[in-house]
Amino acid sequence: MDNALMSVMLVVVVLLLLSSLSDSRTKRLERRLRETERRLDLLLAHHGIADDRPELTEVDELLRRDRKIEAIKRYRQLTGAGLAEAKEAVEARIR
C-alpha cells in the first residue's frame with residue numbers, strides 16, 4: 854500500500870513539474886513574440902511603411918452586439934481567412 858501511494862505521489866509531482874516547465878516556456882515565448890512585434894512595428898514606422906491589415910471595427914461592432922457568427926463571416930470577407938482561422942481570431946477578440 855505504501856509503495857502504491859508513493860508511486861501516485863511521484864507521478865503527481867512529475868506531472869506538476871512538467872506542467873510548470875511547459876507554462877514557463879509558453880510565457881517566455883509569448884514575451885519574445887511581443888518584443889519581436891514591437892520591434893517590427895518600430896521598423897515599419899521608421900521606414901514609413903503603412904500597416905495594410907484590414908480595419909476590423911465592423912467585426913468589433915458585431916461582437917459588441919453579440920452577433921458572433923456575423924462577425925466571423927465579416928472577418929472572413931475582410932481578411933480572406935478560412936473558417937477555422939476566422940473563428941479563432943474572432944474568439945480571441947472577445948477575450
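Residue numbering for the sequence shown follows our numbering, beginning at 854 and increasing consecutively.
Idealized CB from N, CA, C, for every residue including glycine.
To which residues of the same chain is residue i closer than 6 Å at the C-beta, ignoring the five residues directly before and after it?
i	result
Thr889	none
Between which two residues does the alpha helix (DSSP H) holding residue i run?
i	result
Ala939	936-947
Asp913	910-917
Of the choices the options, whose alpha-carbon is the least far from that of residue i?
i	options	result
Ile922	Leu863, Val867, Ala942, Leu897	Ala942
Does the beta-carbon of residue i have 16 or more other beta-carbons within 10 angstroms, so that it is buried, or is it exposed?
i	result
Val912	buried
Arg927	buried
Ile925	buried
I believe residue i touches residue j by the beta-carbon criterion, under 8 Å. Please report the beta-carbon distance rounded to the nearest angstrom.
i	j	result
Ile947	Leu909	Not a contact, Cβ separation roughly 13 Å.
Quick one: residues in its chain with C-beta nearer than 7 Å to the C-beta of residue i, no 5 flanking neighbours on either side, listed in chain order?
i	result
Leu863	none
Ile902	none
Near residue i, what residues of its chain come up, given a Cβ to Cβ distance below 8 Å and the 5 sequence neighbours on each side ignored?
i	result
Arg881	none
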